[in-house]
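Engineer:
Numbering (the working numbering), first residue to last: 488 to 937.
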């Protein structure tokens, strides 16, 4: 099996800049390592003045310096950094790109709305698996709302609407309490855009609809529906019932009541209105929340380019679904992701010794675990039978279908003794290579600087 590759994706959105770093073992086996979020809010003044202020540009350079340091710490070798709605509208977005390049060596790419939509759509499709293709993928960000109506993975209708949460909040001046007249203004505006951009109104009542982005994830905790496909859902009817309570609260009350950050509390009221109007217009009762986005879409493309498309992956479809659900569940407990993934990998590798001696019988247990009683978040049980000896290992994922070779004892001991240390302490630090705008990777010589 080829050596794993450390890859990264940066999404410079209208509300925040996010970094995801992962370790790819094959084209389909991608292990998350770390997620970083910097509340930069590029869209704060852009949607009114159509320019990045000097203060925002300085903050952006600071944010990207930090993200670059994290990428170097983890030994990232392949990456793609993209900027979305706010950067598309800023007349001086070229200045942002140049300053980031000069300060960090990172190449920031301002992508089109079509490319942004494609990355999110592919991430959602991969998260659900081939057995459950979505019929609608919605991505509500700070600057825009992306809507894709699908059938058998083919796009029937697609629309990009300028009704992001930061955009509406800043242009209408409603960061806190939203009065009934303001809420009605937002409703009418969103409805009018939907009617103009999606005139052939589909009925998605019995279809699988997916919502991406931090707004959807936050509201799924406020108005949760029954789990579906092993993932949380956002119940539109329940959200409609709780909408007045959300709108009448100020920022501090929202932060306290819903346990959200300030930069999420100020836009969640607008987000809630958008989802209620969207659900009514498309007749969507529930949105599935796979907790993925364009970063995951980027990571998947980098992994596909880094490995042969015929390279076998370690997990089958069912196991990958359980793994996605386990990680989603664990995030509710603010778990230590780096440590959990590290322990999971050590368990898988230690299991190899018994796997060589005899066949493995692997089962997963997805028993109901309530947040109040869970002591080990997102755990599944893998049971191995080896001659008269049987044992169980509680890990954060199901067993792989293809088990990697055991690592040397010295490396295992070193990793186990420094579980909290970054992977770069084990793997050599390599140069970082950007992925081109057409999603092709060109490797730099090892002596090249990032």
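Note that CB positions come from ideal geometry on N, CA and C, so glycine has one too.
Bear in mind the structure is a predicted one, so any value in this text is a computation, not a measurement.
Under a three-way DSSP split, which group does residue 633 fall into?
Structural biologist: Note: residue 633 maps to strand in three-state DSSP.
Engineer: Once you ignore the five residues that flank residue 759 on each side, which residues in its own chain have a CB closer than 7 Å to its CB?
Structural biologist: Here the set comprises 706, 726, 730, 733.
Engineer: If you drop the 5 nearest sequence neighbours on each side, which residues of the same chain put their C-beta closer than 8 Å to that of residue 537?
Structural biologist: Closer than 8 Å at the Cβ level, and outside the excluded window around residue 537, lie 576, 577, 578.
Engineer: By Cβ distance, which residues of its chain are closer than 7 Å to residue 491, with the 5 residues on each side in sequence left out?
Structural biologist: The residues are 510, 511, 512.
Engineer: The alpha helix (DSSP H) spanning residue 731 covers which residue range?
Structural biologist: Segment 723–734, the alpha helix (DSSP H) holding residue 731.
Engineer: Is it the case that the stretch 631–651 contacts the stretch 681–697, given that we only count it when at least three CB pairs across the two stretches are under 8 Å?
Structural biologist: Flag = yes, the stretch 681–697 and the stretch 631–651 touch.
Engineer: When you measure from the CB of residue 744 to every non-hydrogen atom of the ligand HEM, does any distance come out below 7 Å?
Structural biologist: No copy of the ligand HEM appears in this structure; indeed no ligand is present at all.
Engineer: Where are the alpha helix (DSSP H) runs, 4 residues long or more, that stay fully inside the stretch 602–687, in chain order?
Structural biologist: Qualifying alpha helix (DSSP H) stretches, in chain order: 652–659, 667–684.
Engineer: Measuring only the C-alpha atoms, how far is residue 737 from residue 700?
Structural biologist: Each residue's alpha carbon lies about 22 Å from the other.
Engineer: Contact criterion: CB-CB distance below 8 Å. Does residue 605 meet it with respect to chain D?
Structural biologist: The chain inventory of the structure shown lacks chain D, comprising one protein chain alone.
Engineer: Can you grab the Cα-Cα spacing for the pair residue 544 / residue 655, in whole Å?
Structural biologist: If I take the Cα positions, the gap works out to 22 Å.
Engineer: Looking only at DSSP bridge pairs, what is residue 720 linked to?
Structural biologist: DSSP lists 712, 775 as partners of residue 720.
Engineer: What is the C-beta distance between residue 639 and residue 620, in whole angstroms, given that I count them as a contact (C-beta under 8 Å)?
Structural biologist: Right, their Cβ atoms sit about 6 Å apart.
Engineer: Let me make sure I understand the geometry here. Which of 789, 514, 831, 775 has the alpha-carbon closest to that of residue 623?
Structural biologist: Per the Cα distances, 775.
Engineer: Go ahead and label residue 643 buried or exposed: buried means 16 or more other beta carbons lie within 10 angstroms of its beta carbon, across all protein chains shown.
Structural biologist: Label assigned to residue 643: exposed.
Engineer: Could you give the residue range of the alpha helix (DSSP H) that holds residue 763?
Structural biologist: Here the alpha helix (DSSP H) through residue 763 covers 749–769.
Engineer: Assign residue 745 to one of three DSSP states: helix, strand, or coil.
Structural biologist: In the structure shown, residue 745 sits in a helix (DSSP, three-state: H, G or I).
Engineer: So is residue 787 buried or exposed if we call it buried at 16+ other beta carbons inside 10 Å?
Structural biologist: Per the 10 Å Cβ criterion, buried.
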